[in-house]
Structure formats: structure tokens, C-alpha cells
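Trainee: Quick note on numbering: the sequence shown equals residues 1282 to 1805 in my numbering. Virtual Cβ for every residue (Gly too), placed ideally from N, Cα, C. Got a structure for you, questions after.
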Amino acid sequence: DLIRHYVGHQREVVTRRTQYELRQAEARAHVLEGLLIALDNLDAVIALIRGSADADEARAGLIDKFALSEIQAQAILDMRLQRLTALESDKVREEHAELTKKIEGLRTLLSDEGLIDGLIRDELGAITERYGDDRRTEIAFAEGEVDIEDMIADEQMVISLTASGYAKRLPLATYRQQHRGGIGVTGMDLKEGDYIEHLHICSTHDFLLFFTNRGKVYRLKVYELPEGSRTARGKALVNVLPLSQDERVMAVIPTRDFSENQYLAFATAKGIVKKTEFVKYNTPIRADGIIAIKVRDDDELVQVRLTSGEDDLLLVSKSGHASRFSESKVRPMGRDTSGVKGMNVSAKVGGEQNRVLAMDVAREDTELFVVTDNGYGKRTAIAEYPVKGRGTKGVLTAKLTEKKGGLAGALIVREHEQLLFISQNGMVQRTSAKGISQMGRATQGVRVMNLKDDDRVSAVALVVEDSSPVVADALEELPEGALDESDVIEATGPTGDNLDAPTDAEAGADTASEQPAAEPDDEA
């Protein structure tokens, strides 16, 4: 109704404006017609005016002799003879022709409501183009005696965040109703090269902790995230969180409460690790976030994991090394601290500074997958990585050569999972982890992504099917057949053909020497 009344009002405004412009144009054209008659009979008009006793006699003479209207005659008399003689006939005729065309257009517009609606659309489009910008005022919940959370249903939500920074929530029941089109490729309209980097299934009343590369943590309730449709990309996270320039989310952890027997493990690109009690983050967090870990200007946070405090951590560096050590070797520290050395990454890699690429919890039923810049990858059983002290360079996890390139990414995987490769030129390729050869630590790997000469692997993401615990737990109550196996995934993007990794004759079996014992427990 509001739109209908607005459109009706706009039609009235345009109609009245057009009628006014038409009256003005017709009046001016009428005057010009009189001037043209005067110019065509200039000598007679001047003689008549000079021979008249007064203006009334001259006006009557013009009307009578040249069949002019009173308005036309008065317009001629209002002009001085000098100006009348100076009028250029061509300019008057040109103006009259333009007015005649304008009058015709205005009359046509008034006779066709469709043309009026089209003009309204064009004018609104011009206003949008000139003045359209983002809303500057924020519509927020008002503070009062009633807790807004009490008015929000406690229901399961699917939370997704893409690599390019778009976030949304969607009721899990949506997938139950539609029976097809899961989360990711079949359920989300993503830009080319984008993919879901973080996905969680949690309640509207849960907290979401967003950890950024600058070591800050932001906290939101799930219901504070914008709810989107199944195919919508969501809302840019920079419009949800006050992220600074070049600040990006590296980890998302959902929780209903902050358990006292859990910890957060942090790892930075420079090899710094920190362990902090999870309960330390159960504190009021300002809208602009708080420090989760102190990170130096030349460093950045790589990953955050929720742990038991006794897990094994595995760090992987660009130089092709992996360092596994017990989390118990890292003493708990406060929130506003920097941590201790977890891995030695002081060496150079192809003239570039070495860095930690990934950190995760090492579990015996998993494998470490690594991929190089030039598209070579492999799986290696976690059991092959010995537990050492922290602060070492680690053991070799990939035999790197100039042909293979440096290490581009690393992930903890299981055999049934899917992998997604993204290149610097935006190419995306998906393949099964099972189809990639399992090899020893000090081997080169096989071709897992075909690249053009000027392209390199920039990222690898995990695509988790519905057998993933995070998804399976939430879907176990769904009716049988409600979802296809391929419909629910944790990280995805536009897919290419599955690539069955061939056997690579160059995959070596060299044994890498283990590194020296851990360095002293010095804080970084």
C-alpha cells in the first residue's frame, strides 16, 4: 500500500509539472508566432506604431491589420523599435521550432500513463546514481528492561563466512524443507574464485568469536548476523564488524558457554604459539574488539584452535617442515600476551622469509595434506610425525624442488574428505583426498592441480561432507533422504572437474633427518 500511494503521488507530481511546462511552452510559442508576423512585415509594423497617437491605438491597429492576439500585440509594443529591428528571423524561427517539438512531446507524455511511469523510473534512477550511498545510521536494538534475546527463538542456524568476507546465517530447517541444495556449491551464489572458508552449525543464542590476523577477537551473538536466503552470499563482514584496513578473519569459534577445562591455542606466521584458558575470553568485549594475542607489526595470526590442554599441535612452514609437540609444553598465559616460540622459521625460502602456513590439532586418525606453489601435493599419516619439543625447525614434510615450488598450503584431512584448490589467477579445482597418493614425509608428491605457466596455487580449502562431526551432529534428526551427501560442506566454491591424482614417478622416498631438541621456554 505504501508503494502504491507513493507511485500514485509521483504520477500526480509528474502530471502537474508536465501540464505547467506545457502551458509555459504554449504561451512562449504564441508570442514567437506574433514576433514572426512582425518580422515578416517589419516596415509596415514600424510605420503603424510611429503613426499611432498612443499605445492603445497602436495595439488596436496591430490586432486589426495583422490578425494578432492582444498578447502578441502587447509583446511587440513592449519591445523598443531598435530591438525589434535587431531581431534575427532565423533565431526566432529556430526557437519556435524547438518549442513546437517540445509541446508535441509534452502532450504525448500527458496522454500515455506508461510514459509517465517510465519517466518516474528514470528520475529515481538518476537520484540513486547521484545520491545513493550506504546507510549511515545503524538500526540497533534499543536498551530496555526486556532482554531482546528472550524474544528470539533458540533454533539451529547454519553460519557461513566466505574467503572474500561475506557472512550470513540460515535456519538449518531450511534444508529440511527443500530436501536439496545444500550449503556451498548447490546452495550459495558465490563469485568466481570465492568459497566458504568457515562454516558452523550452532544456535541463535550462541556466541561467535571472530579472531583476526591482527590478533584481535570480536564477539557477536549468532542472531546478530544477518539472515540470508539459501542462495544469497550474505553481508560483507566489514559491515558487521569494525574491521580495520587489511584486517581479516582467520578463525571463527562458536560457543554457548566458556568451559573451564578448554583452551585456545594460537599460532602466528613467525612461529609464536600461545595457550590461554578459554574462560579468559568470557569477558565483556567492546564493539571494536579486544586483544586475543599480542602480535608484532611484522607478524600475523595464522590459526586458532579450541583444545583440551593436552593435545598435540602440528605447525607447518613454507619451507616444507612440520613441527609436532605436546600442548602441555606450552604453559597457559593471559589473554593480553604474545606467547612463546613454537617453531623456528628463521630460514629463508627461495629468497623469501620462511613462515608458518598452518596449525592444527594432530590426531592419530588423520593425515597431513600439503600442496606446493606449482600444484604438487600428497597425504602423509600423522603417525609419521614424531612428537618433539617446541621451538624446533621440525621434520621434513615435503621434499621441495624448483620444479615443485615452495609450500603453498597445508591441512589436516581424513580420507573421505574433499579438497578445493584455488590459484592466483582465480582457477578453482575440487578433488577427493582419497584420490591423492599417501606418501612418506620426505617425498615430492604428485600433480594435484593443473596450472598455466604464469599461475600458482594460492590456497587450499577443506570440503567436508555430511559425515563431518560438526554437520552430522546437527543433521542426525533430519528425515532419511532429506539431504544428499554432497549438499552439506564446510568449505567450497565453484567446482571444476574432479582430478584423480596420477602416480608421479618423481615422488621420492628420501628420509629427512630430524631436528635438534626444543629451545628453552623463552617468551617471545
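Bridge partners of residue 1450, per DSSP?
Mentor: Taking the sequence shown and counting its residues from 1, the one referred to as residue 1450 is at position 169. The partner list for residue 1450 (beta bridge, DSSP) reads 1440, 1508.
Trainee: Excluding the 5 residues preceding and the 5 following residue 1390 in the sequence, name in chain order all residues of the same chain whose CB lies nearer than 6 Å to its CB.
Mentor: Translated into the one-based positions of the sequence shown, residue 1390 becomes position 109. 1299, 1396.
Trainee: Counting pairs of beta carbons, one from the stretch 1439-1451 and one from the stretch 1404-1424, are three or more of them closer than 8 Å?
Mentor: Too few Cβ pairs lie closer than 8 Å, so no.
Trainee: Roughly how far, in whole angstroms, is the beta-carbon of residue 1702 from the beta-carbon of residue 1651, given that I think they are within contact range, below 8 Å?
Mentor: Along the sequence shown, read from residue 1 onward, the residue named residue 1702 stands at position 421. Along the sequence shown, read from residue 1 onward, the residue named residue 1651 stands at position 370. The pair is not a contact, with the Cβ atoms about 12 Å apart (cut-off 8 Å).
Trainee: My assumption, with CB atoms under 8 Å, is that residue 1490 sits in contact with residue 1534. Please give the rounded CB distance.
Mentor: Within the sequence shown, residue 1490 is the residue found at index 209, counting from 1. Within the sequence shown, residue 1534 is the residue found at index 253, counting from 1. Right, their Cβ atoms sit about 5 Å apart.
Trainee: In angstroms with no decimal places, state the Cα-to-Cα distance between residue 1567 and residue 1496.
Mentor: Taking the sequence shown and counting its residues from 1, one reaches residue 1567 at position 286. Taking the sequence shown and counting its residues from 1, one reaches residue 1496 at position 215. Each residue's Cα considered, the two are about 15 Å apart.
Trainee: Is the stretch 1583-1591 close to the stretch 1621-1641, with three or more CB pairs under 8 Å?
Mentor: yes
Trainee: Could you tell me the boundaries of the beta strand (DSSP E) in which residue 1704 lies?
Mentor: Your numbering for residue 1704 matches position 423 in the sequence shown. Looking at the DSSP string, the run of the beta strand (DSSP E) that includes residue 1704 is 1699-1704.
Trainee: Once DSSP output is grouped into helix, strand and coil, what is the label at residue 1539?
Mentor: On the sequence shown, position 258 is the one that residue 1539 refers to. Note: residue 1539 maps to coil in three-state DSSP.
Trainee: Can you tell me the Cα-Cα spacing of residue 1573 and residue 1623, whole angstroms?
Mentor: One-based indexing of the sequence shown puts residue 1573 at position 292. One-based indexing of the sequence shown puts residue 1623 at position 342. Using only the alpha carbons, I get a separation of about 17 Å.
Trainee: Do the CB positions of residue 1556 and residue 1617 come within less than 8 Å of each other?
Mentor: Taking the sequence shown and counting its residues from 1, one reaches residue 1556 at position 275. Taking the sequence shown and counting its residues from 1, one reaches residue 1617 at position 336. Not in contact: residue 1556 and residue 1617 (Cβ atoms no closer than 8 Å).
Trainee: Looking at C-alpha atoms only, which residue of 1323, 1374, 1375 is the closest neighbour of residue 1361?
Mentor: Sequence index remark: in the sequence shown, residue 1361 carries index 80 (1-based). For the residues 1323, 1374, 1375, the minimum Cα distance to residue 1361 belongs to 1323.
Trainee: Contact between the stretch 1704-1715 and the stretch 1663-1683 is defined here as three or more beta-carbon pairs at a separation below 8 Å; is this criterion met?
Mentor: no
Trainee: Do three or more CB pairs link the stretch 1719-1729 to the stretch 1656-1673 at distances below 8 Å?
Mentor: yes
Trainee: Determine, using beta-carbon pairs with one atom in the stretch 1543-1558 and one in the stretch 1585-1600, whether at least three such pairs fall under 8 Å.
Mentor: Because the criterion of three Cβ pairs below 8 Å is met, the stretch 1543-1558 and the stretch 1585-1600 touch.
Trainee: Let me check understanding here. Comparing Cα to Cα, which of 1529, 1603, 1406, 1367 lies closest to residue 1667?
Mentor: Your numbering for residue 1667 matches position 386 in the sequence shown. Closest by alpha carbon: 1603.
Trainee: Flag this pair as yes or no: are the beta carbons of residue 1449 and residue 1516 separated by less than 8 Å?
Mentor: Residue numbering aside, residue 1449 sits at position 168 when the sequence shown is read from its first letter. Residue numbering aside, residue 1516 sits at position 235 when the sequence shown is read from its first letter. Contact: yes.
Trainee: Report the rounded CA-to-CA distance for residue 1672 versus residue 1531, giving the unit in angstroms.
Mentor: For the purposes of this step, residue 1672 is taken as residue 391 along the sequence shown, with counting starting at 1. For the purposes of this step, residue 1531 is taken as residue 250 along the sequence shown, with counting starting at 1. Going by the C-alpha atoms only, they are around 23 Å apart.
Trainee: Classify residue 1711 as helix, strand or coil using the three-state DSSP reduction.
Mentor: Taking the first residue of the sequence shown as position 1, residue 1711 is located at position 430. The DSSP-derived three-state label of residue 1711 is strand.
Trainee: Short of 8 Å in beta carbon distance, which residues of its chain neighbour residue 1631, apart from the five on each side in sequence? Order them along the chain.
Mentor: Position 350 of the sequence shown, counting from 1, holds the residue named residue 1631. The answer, listed in chain order, is 1687.
Trainee: Could you tell me the boundaries of the beta strand (DSSP E) in which residue 1479 lies?
Mentor: Start at 1 with the first residue of the sequence shown, and residue 1479 comes out as number 198. Looking at the DSSP string, the run of the beta strand (DSSP E) that includes residue 1479 is 1477-1484.
Trainee: For residue 1398 and residue 1511, I'd like the C-alpha separation in whole angstroms.
Mentor: Locating residue 1398 in the sequence shown gives position 117, where the first residue counts as 1. Locating residue 1511 in the sequence shown gives position 230, where the first residue counts as 1. Taking the straight line joining both Cα atoms gives about 33 Å.
Trainee: Determine the burial state of residue 1485: buried for a count of at least 16 other Cβ atoms within 10 Å of its Cβ, exposed for fewer.
Mentor: Taking the sequence shown and counting its residues from 1, the one referred to as residue 1485 is at position 204. The residue is buried, with at least 16 neighbouring Cβ atoms inside 10 Å.
Trainee: Just confirm the distance between the C-beta atoms of residue 1611 and residue 1621, as a whole number of angstroms; I'd bet it's less than 8 Å.
Mentor: Mapped onto the sequence shown, residue 1611 falls at position 330. Mapped onto the sequence shown, residue 1621 falls at position 340. Confirmed, about 6 Å.
Trainee: Below 8 Å, can you find three or more Cβ-Cβ pairs linking the stretch 1296-1314 to the stretch 1330-1342?
Mentor: Proximity of the stretch 1296-1314 to the stretch 1330-1342 falls short of the contact definition, fewer than three beta-carbon pairs being nearer than 8 Å.
Trainee: Roughly how many whole angstroms lie between the Cα atoms of residue 1293 and residue 1335?
Mentor: The residue you call residue 1293 lines up with position 12 of the sequence shown. The residue you call residue 1335 lines up with position 54 of the sequence shown. Those two C-alpha atoms are separated by around 47 Å.
Trainee: Within a Cβ cutoff of 8 Å, which residues of the same chain sit near residue 1290, ignoring the five residues on either side of it in sequence?
Mentor: Mapped onto the sequence shown, residue 1290 falls at position 9. No residues qualify anywhere along the chain.
Trainee: Pick from 1523, 1562, 1550: whose alpha carbon is nearest that of residue 1540?
Mentor: As a working note, residue 1540 is residue 259 in the sequence shown. Cα-wise, what sits closest to residue 1540 is 1562.
Trainee: Just verifying my parser: in three-state terms, what is the DSSP assignment at residue 1640?
Mentor: Numbered from 1 along the sequence shown, position 359 holds the residue referred to as residue 1640. Strand.
Trainee: Less than 6 Å between C-beta atoms, sequence neighbours within five positions excluded: which residues of the same chain meet that for residue 1804?
Mentor: Here residue 1804 is taken as the residue at index 523 of the sequence shown, counted from 1. The pLDDT assigned to residue 1804 is 44, lower than 50, so where the model puts this residue is not dependable; a value taken from the coordinates is nonetheless given after this. Closer than 6 Å at the Cβ level, and outside the excluded window around residue 1804, lie 1621.
Trainee: For residue 1437, tell me which candidate among 1717, 1664, 1295, 1536 has the shortest Cα-Cα distance.
Mentor: By 1-based counting over the sequence shown, the position of residue 1437 is 156. The option with the nearest alpha carbon to residue 1437 is 1536.
Trainee: Sorted by chain position, which residues of the same chain lie with C-beta nearer than 6 Å to residue 1283's C-beta, five sequence neighbours on each side aside?
Mentor: Counting from 1 along the sequence shown, the entry for residue 1283 is found at position 2. The answer is none, since no qualifying residue turns up.
Trainee: Among the candidates 1476, 1498, 1503, whose CA atom is the shortest distance from the CA of residue 1488?
Mentor: Your numbering for residue 1488 matches position 207 in the sequence shown. Looking at the Cα atoms, 1503 is the closest of the given residues.
Trainee: Would you report the Cα separation of residue 1301 and residue 1340, rounded to the nearest angstrom?
Mentor: Taking the sequence shown and counting its residues from 1, the one referred to as residue 1301 is at position 20. Taking the sequence shown and counting its residues from 1, the one referred to as residue 1340 is at position 59. Cα to Cα, the separation comes out at about 28 Å.
Trainee: Using a Cβ-Cβ cut-off of 8 Å (strictly less than) and excluding sequence neighbours within five positions of residue 1373, which residues of its own chain qualify?
Mentor: Taking the sequence shown and counting its residues from 1, the one referred to as residue 1373 is at position 92. 1313, 1316, 1317, 1320, listed in sequence order.
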